[in-house]
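Residue numbers (full-length UniProt numbering): 1 to 148.
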């Protein structure tokens, strides 16, 4: 049986920061053939149609995993870490959870080779699109226009 690493990210910030963190970790998970594990109440889940490599668990279970596993912490904001992928031991069959906690706000994580993966995950849920269209339509109608 092949054991897959699970990248566990603590997502407690604003939506923009979450999107940076998600994009960097989703690409990292792709390289390691891993799953990205997020809290079930994550803001990203409420806005975007994330792919099947993203799994959600309850906050209590998440906290238990954090306590039980060693964390790899990157605390430098906006810093690019070129050896980031080397910090995770993808071969260790006895340790299948890696906790990564930090900010990944560098454009260098967004290599064009990964653009389609990230864009696929950042498609808004239908309810978000409908709501945005209603708001835009109200604004346009108020100004004598309508959505084409």
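Don't be surprised by glycine CBs; every beta carbon is placed ideally from N, CA and C.
- For residue 48, DSSP records a beta bridge to 124.
- Per DSSP, residue 66 is one residue of the alpha helix (DSSP H) stretching across 59-68.
- In this model, residue 60 and residue 145 are separated by some 49 Å (Cα to Cα).
- Collapsing the DSSP output to three states places residue 135 in a helix.
- A Cβ-Cβ contact shorter than 8 Å links residue 117 with residue 30.
- DSSP places residue 97 in the strand class (E or B) of the three-state scheme.
- Annotation: residue 138 to residue 129 spans about 14 Å, alpha carbon to alpha carbon.
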